[in-house]
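K.L.:
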Ligand code: HEC
Ligand SMILES: [Cu+2]
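In the numbering used here, the protein residues as written are 3 to 324.
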């Protein structure tokens, strides 16, 4: 067992040490100024103690000293601007995932993390990921706001109800790391913990195979059948009262309001829970809301299916196959 004392958990993700450097630099500058101010405070308290014989009338305090004022305005401004630029650079770069990622779905609820892999495996309070490969999480909450936090990866992202948020990281070390909920979310918030298990790609593949069930895509295809979506939506053709769903994902959709939208996961989610909000031009306002019928996981699975039939050239495996 490793019992050596560490101020921070070891960095286990690409870019993690840049964030440490920034945090240490901020701490150093803040400490420097705190010390200077504290020392000045003590010096003045002692020097101007009420029983001391000192000249309290001297006039130099009242005079403006332009050079001093310029210096103590410009110097802190420059320091802050440096941190602003540096922080913004690290933030923006850190929030752009590479194009090819391992995609994993995360649903948070009081008080657990439910995780779904594209290949079908599901787990609770555990997240298996491969080392050295970028991983992208698409996250949503079933109830209140949670926050996905893996200190060793130096990143944290709020997980919101009714809206997707994403987070990506690239683990650099195999091992087991803490996962915390970092947003107070009720009585057992402190128990909303898990582990991130970083494995070699071979171990990860093996783990995925051992837990193989239906993939989210396949489950999504099933939901279309079991929730009656197919009464109105033929996946391929627009020969029913609802528009066809193949080729929908990623397309530009004309709305009755005159606007067009690019269909992404968030749009599909809105179309399912709040179908009246935006209407496909040329169709009737008749789709019921499924807000109370479908869980966030089921909506993610339907989205995964719609994504898989985004490129609708060639035969599409229809939901009827189940
Ligand atoms: C009563 C018929 C009906 C049922 C049942 C129905 N829909 Fe719809 N759906 C529509 C109609 C009509 C539209 C187009 C008008 C609009 O935008 O609301 C639509 C639009 C959509 C859209 C937006 C895409 C687009 O082209 O407008 C999605 C996504 C969608 N439905 C998914 C589903 C899913 C998933 C289910 C089942 C859980 C479902 N629908 C059940 C009638 C229906
Ligand atoms: Cu929480």
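All C-beta atoms, glycine included, are put in the ideal place defined by N, C-alpha and C.
Could you tell me whether the segment 199 to 211 touches the segment 121 to 137, using the rule of 3 or more Cβ pairs below 8 Å?
P.N.:
Short answer: they touch.
K.L.:
Report the residue from 246, 98, 100 and 115 whose alpha carbon sits nearest the alpha carbon of residue 194.
P.N.:
Nearest option by C-alpha distance: 115.
K.L.:
Please state whether DSSP places residue 35 in a helix, a strand or coil.
P.N.:
Note: residue 35 maps to helix in three-state DSSP.
K.L.:
Helix, strand or coil: which one does DSSP assign to residue 242?
P.N.:
Residue 242: coil per DSSP, three-state reduction.
K.L.:
Output yes or no for whether 8 Å exceeds the beta carbon distance between residue 13 and residue 156.
P.N.:
Cβ distance < 8 Å, so residue 13 and residue 156 count as in contact.
K.L.:
Taking only heavy atoms of ligand 1 into account, decide whether any of them is closer than 7 Å to the Cβ of residue 243.
P.N.:
It does: the Cβ of residue 243 is within 7 Å (strictly closer) of some heavy atom of ligand 1.
K.L.:
With a cut-off of 8 Å on the beta carbons, I'd call residue 166 and residue 310 a contact; round off their distance for me.
P.N.:
Contact doesn't hold; Cβ gap of about 18 Å is too wide.
K.L.:
Residue 113 and residue 187: beta carbons closer than 8 Å?
P.N.:
Yes; because the gap between Cβ atoms is below 8 Å, this pair is in contact.
K.L.:
Span of the beta strand (DSSP E) holding residue 199?
P.N.:
It spans 195 to 201 - the beta strand (DSSP E) in which residue 199 sits, taken as one unbroken run.
K.L.:
To the nearest angstrom, how far is it from the Cα of residue 17 to the Cα of residue 307?
P.N.:
Each residue's Cα considered, the two are about 33 Å apart.
K.L.:
Is the distance from the Cβ of residue 327 to the Cβ of residue 217 below 8 Å?
P.N.:
Lying before the first or after the last residue shown, residue 327 is absent from the chain, which here runs from 3 to 324.
K.L.:
Closer than 7 Å: is that where the CB of residue 286 sits relative to any heavy atom of ligand 1?
P.N.:
For ligand 1, at least one heavy atom lies less than 7 Å from the Cβ of residue 286.
K.L.:
Contact between the segment 139 to 155 and the segment 245 to 262 is defined here as three or more beta-carbon pairs at a separation below 8 Å; is this criterion met?
P.N.:
They do not touch, by the three-pair rule.
K.L.:
Within a Cβ cutoff of 7 Å, which residues of the same chain sit near residue 92, ignoring the five residues on either side of it in sequence?
P.N.:
Around residue 92: 20, 21 and 24.
K.L.:
Going by beta-carbon coordinates alone, are residue 108 and residue 161 separated by less than 8 Å?
P.N.:
Yes, the Cβ-Cβ distance between residue 108 and residue 161 is below 8 Å.
K.L.:
Comparing the CB of residue 273 with every heavy atom of ligand 1, is any distance shorter than 7 Å?
P.N.:
The answer is yes for residue 273.
K.L.:
Tell me whether residue 160 sits in a helix, a strand or coil according to DSSP, three-state version.
P.N.:
If DSSP states are grouped into helix, strand and coil, residue 160 belongs with the strands.
K.L.:
Once you ignore the five residues that flank residue 255 on each side, which residues in its own chain have a CB closer than 7 Å to its CB?
P.N.:
Contacts found: 262, 263, 265 and 282.
K.L.:
So which of 42, 28 and 99 has the shortest CA-CA distance to residue 84?
P.N.:
Closest by alpha carbon: 28.
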